[in-house]
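Numbering (this note's numbering), first residue to last: 7 to 120.
What follows is one structure encoded as structure tokens, with my remarks underneath.
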Amino acid sequence: MGDLLKDRIAVVTGAGNGIGRAEAIGLAAQGAKVVVNDLGVNYMGEGKSSEPADKVVETIKAAGGIAVANYSSVADEEGAKGIIKTAVDNFGRIDVLVNNAGYVRTAPVHKIPT
């Protein structure tokens with residue numbers, strides 16, 4: 007474990023897999039306390055599972071880091087508030103925010119409602 011980000015609080019959205027997972031683990035490896043946010047949906051945006059976020063938290067903790075999971079959606083205000091609440095309730099603040107969560111497009115871009 008490094009100490010470049012010691013005592014920093016990081017939130018990573020979409021952190022259950024892929025790039026977000028690597029970002030969360032990398033931040034923790036440098037000493038950050040991490041909120042691992044992920045809905046746990048499939049590639050079509052369907053379903054919901056706590057497993058992806060929980061597995062990343064387990065990986066971080068197994069390496070000696072500190073992390074908590076959050077399963078809120080970044081797609082609405084209540085979800086965003088939930089992510090912030092998780093960080094503040096567990097760690098007191100947010101120092102780093104990685105907006106990694108993807109958006110599943112179910113139609114061509116020109117037909118997606120705005």
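From the three backbone atoms N, C-alpha and C, an ideal C-beta is built for every residue, glycine too.
Predicted model, so just to flag it, every value in this text is computed and none were measured.
May I ask you to report which of helix, strand or coil DSSP gives residue i?
i: A35; result: helix
By how many angstroms is the C-alpha of residue j removed from the C-alpha of residue i?
i: L45; j: G70; result: 24 Å
i: L33; j: P114; result: 35 Å
i: Y77; j: V42; result: 8 Å
i: K39; j: G85; result: 20 Å
i: A21; j: I15; result: 15 Å
i: L11; j: R99; result: 14 Å
i: K117; j: V104; result: 28 Å
i: E57; j: A28; result: 16 Å
i: A68; j: G24; result: 19 Å
i: D82; j: A59; result: 19 Å
i: A35; j: V94; result: 21 Å
Compute the minimum distance between the beta carbon of residue i and the heavy atoms of the ligand NAP, and state whether it is under 6 Å.
i: E57; result: As presented, the structure is devoid of all ligands, the ligand NAP included, so that no description of it is given.
Name the one or two DSSP bridge partners that residue i has.
i: I25; result: I25 is not bridged to any residue.
Am I right that residue i and residue j are in contact with their C-beta atoms under 8 Å? What's the rounded C-beta distance?
i: N106; j: V18; result: 6 Å
i: N96; j: V80; result: At roughly 18 Å, the Cβ-Cβ gap does not stay under 8 Å, so N96 and V80 are not in contact.
i: I31; j: T65; result: 6 Å
i: G8; j: G37; result: 6 Å
Inset, instruction - Only counting runs of 3 or more residues, tell me where the beta strand (DSSP E) segments fall wholly within the segment 40 to 112, in order along the chain. - result: Complete beta strand (DSSP E) runs here, min 3: 72 to 76 and 102 to 104.
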